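Asks: Quick one: the structure is below, and I'll ask about it shortly.
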């Protein structure tokens with residue numbers, strides 16, 4: 001993570017009971033089999049898909065969806081969808097709470113994440129990200145033109161790119177101000193008049209009796225312990241994904257206006273107590 005965000009209060013210490021460790025083994029084993037099996041099938045299909053369709057991916061995104069849907073079932077996290085998922089050409093923007101967002105947002109919609117370049121080198125996760133078509137970006141201005149070209153080619157190919165304008169993950173109790181940098185990619189001559197951006201609010205509710213921030217992953221929290229804690233929870237919570245009205249890029253004067261409108265929509269989709277800055 002970059003530009004790490006820290007709340008006023010630190011998270012509860014991670015404690016795993018003997019029952020929790022049994023759940024870690026059962027759920028973790030099932031999740032590992034699911035991810036490896038899905039990855040093998042995806043790579044096998046991609047061998048035929050790439051030479052026939054190029055950037056277009058008519059088959060493999062369905063595998064990603066099924067794996068993410070099954071993954072949430074293995075965790076035991078209830079997953080609910082609200083609103084209409086956009087069928088127009090364009091991108092998705094959402095608030096960012098945790099690595100579980102990958103499952104929650106992929107489970108019901110064919111999307112491709114935009115992620116910082118460092119993720120490509122993360123053990124396991126980087127491999128999965130590359131295989132599923134993630135777009136990796138860097139903040140180095142020397143690569144700005146190259147990244148813009150990648151964005152355009154992917155969007156013109158009909159890919160729904162998803163990124164997190166907050167720039168970091170949080171405790172899920174608020175929406176941070178949206179950064180407008182990546183919105184500039186939609187304002188090129190070839191894209192502006194044809195693209196829409198759909199704001200999405202992702203709302204996690206903790207297991208009964210746990211810290212309301214249970215699923216949040218922020219600051220210096222390590223991925224491994226956080227995942228173990230999630231796998232070990234005897235009771236799980238839920239995640240609600242709210243799809244808002246798509247916004248046409250050409251209706252906005254610039255990237256800052258579009259980013260502000262998206263931020264307003266995402267914040268409005270959160271529970272009242274989470275709509276504060």
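Numbering (UniProt numbering), first residue to last: 1 to 277.
Virtual Cβ for every residue (Gly too), placed ideally from N, Cα, C.
All values derive from a computational prediction rather than experimental measurement.
1. How would you label residue 253, buried or exposed, when you count the other beta carbons within 10 angstroms and need 16 or more for buried?
2. Residue 217 and residue 134: beta carbons closer than 8 Å?
3. Check for me: the alpha helix (DSSP H) holding residue 116 runs from which residue to which?
4. Could you compute how far the alpha carbon of residue 203 sits from the alpha carbon of residue 155?
5. Measure the alpha-carbon distance for residue 88 versus residue 215 and round it to whole angstroms.
6. Tell me whether residue 297 sits in a helix, a strand or coil according to DSSP, three-state version.
7. So if DSSP puts residue 90 in a beta bridge, which residue, or which two residues, is it bridged to?
8. Taking only three categories from DSSP, how would you classify residue 203?
9. Out of 71, 90, 235, which one is the CA nearest neighbour of residue 101?
10. Give the single residue among 274, 55, 234 whose Cα lies nearest to the Cα of residue 175.
11. Going by DSSP, which residues form a beta bridge with residue 135?
12. Tell me where the beta strand (DSSP E) around residue 80 begins and ends.
13. Are residue 92 and residue 241 closer than 8 Å when you measure CB to CB?
14. State whether the stretch 50-66 contacts the stretch 163-171, with contact taken as three or more CB pairs (one from each stretch) at a distance under 8 Å.
15. Do you know whose CA, among 4, 10, 7, 14, lies nearest residue 229's CA?
16. Quick check on this structure: which residue in 172, 210, 251 has the alpha carbon closest to the alpha carbon of residue 232?
17. If you reduce the DSSP assignment to three classes, tell me which class residue 72 lands in.
18. I'd like to know whether the C-beta atoms of residue 148 and residue 107 end up nearer to each other than 8 Å.
19. Going by alpha carbons, who is nearest to residue 167 out of 270, 180, 248?
20. Please classify residue 196 as buried or exposed, where buried requires at least 16 other C-beta atoms within 10 Å of its C-beta.
21. Just checking my contact of residue 16 with residue 38 at CB under 8 Å: how many whole Å lie between their CB atoms?
22. Once the 5 residues before and after residue 1 are set aside, which same chain residues still bring their CB inside 7 Å of it?
23. Closest by CA to residue 269, which one among 243, 251, 111?
24. List the DSSP bridge partners of residue 248.
25. When the Cα atoms are used, what is the spatial distance from residue 33 to residue 104?
26. Can you tell me the Cβ-Cβ gap for residue 129 and residue 74, rounded? I've got them flagged as a contact below 8 Å.
Replies: The relevant details are as follows:
1. Here residue 253 refers to the residue found at position 253 of the chain shown. Exposed: under 16 other Cβ atoms inside 10 Å.
2. The residue given as residue 217 occupies position 217 in the chain shown. The residue given as residue 134 occupies position 134 in the chain shown. No; because the gap between Cβ atoms is not below 8 Å, this pair is not in contact.
3. Along the chain shown, one-based indexing puts residue 116 at 116. Counting along the chain, residue 116 falls outside any alpha helix (DSSP H), though it belongs to the beta strand (DSSP E) covering 112-116.
4. Stepping through the chain shown from its first residue, residue 203 is reached at position 203. Stepping through the chain shown from its first residue, residue 155 is reached at position 155. So the alpha carbons of these two residues sit roughly 27 Å apart.
5. In the chain shown, residue 88 corresponds to position 88, counting from 1. In the chain shown, residue 215 corresponds to position 215, counting from 1. Rounded to the nearest angstrom, the two C-alpha atoms are 31 Å apart.
6. Residue 297 lies beyond the range of the chain shown here (1 to 277); nothing can be said about it.
7. Position 90 of the chain shown, counted from the first residue, corresponds to residue 90. Answer by DSSP bridge pairing, in chain order: 196.
8. Sequence index remark: in the chain shown, residue 203 carries index 203 (1-based). Three-state DSSP puts residue 203 in a strand.
9. Position 101 of the chain shown holds residue 101. When each option's Cα is compared against that of residue 101, the closest is 71.
10. Here residue 175 is taken as the residue at index 175 of the chain shown, counted from 1. The option with the nearest alpha carbon to residue 175 is 274.
11. As a working note, residue 135 is residue 135 in the chain shown. The partner list for residue 135 (beta bridge, DSSP) reads 114.
12. Translated into positions along the chain shown, residue 80 becomes position 80. Its beta strand (DSSP E) spans residues 78-82.
13. Walking along the chain shown from the start, residue 92 turns up at place 92. Walking along the chain shown from the start, residue 241 turns up at place 241. Cβ distance not < 8 Å, so residue 92 and residue 241 don't count as in contact.
14. no
15. Taking the first residue of the chain shown as 1, we reach residue 229 at position 229. Considering only alpha carbons, the answer is 14.
16. As a working mapping, residue 232 is identified with position 232 in the chain shown. Checked all of 172, 210, 251; the closest Cα to residue 232 is 210.
17. Translated into positions along the chain shown, residue 72 becomes position 72. Three-state result, residue 72: helix.
18. Within the chain shown, numbered from 1, the residue matching residue 148 stands at position 148. Within the chain shown, numbered from 1, the residue matching residue 107 stands at position 107. The answer is no: Cβ separation not under 8 Å.
19. Walking along the chain shown from the start, residue 167 turns up at place 167. Residue 180 is the option with its Cα nearest to residue 167.
20. The count along the chain shown starts at 1 and reaches residue 196 at position 196. Residue 196 comes out buried.
21. On the chain shown, residue 16 is found 16 positions in, with the first residue counted as 1. On the chain shown, residue 38 is found 38 positions in, with the first residue counted as 1. That belief does not hold up - the Cβ atoms of residue 16 and residue 38 are roughly 27 Å apart, past 8 Å.
22. Counting from 1 along the chain shown, the entry for residue 1 is found at position 1. In this prediction, residue 1 scores a pLDDT of 40, lower than 50, which makes its location untrustworthy; the coordinate-derived value is nonetheless stated afterwards. 168, 169, listed in sequence order.
23. Sequence index remark: in the chain shown, residue 269 carries index 269 (1-based). The shortest C-alpha separation from residue 269 is found at 243.
24. As a working mapping, residue 248 is identified with position 248 in the chain shown. Answer is 196, bridged to residue 248.
25. The sequence position of residue 33 within the chain shown is 33, counting from 1. The sequence position of residue 104 within the chain shown is 104, counting from 1. Answer to the nearest angstrom: the Cα atoms are 19 Å apart.
26. By 1-based counting over the chain shown, the position of residue 129 is 129. By 1-based counting over the chain shown, the position of residue 74 is 74. No, residue 129 and residue 74 are not in contact; Cβ-Cβ is about 20 Å, not under 8 Å.
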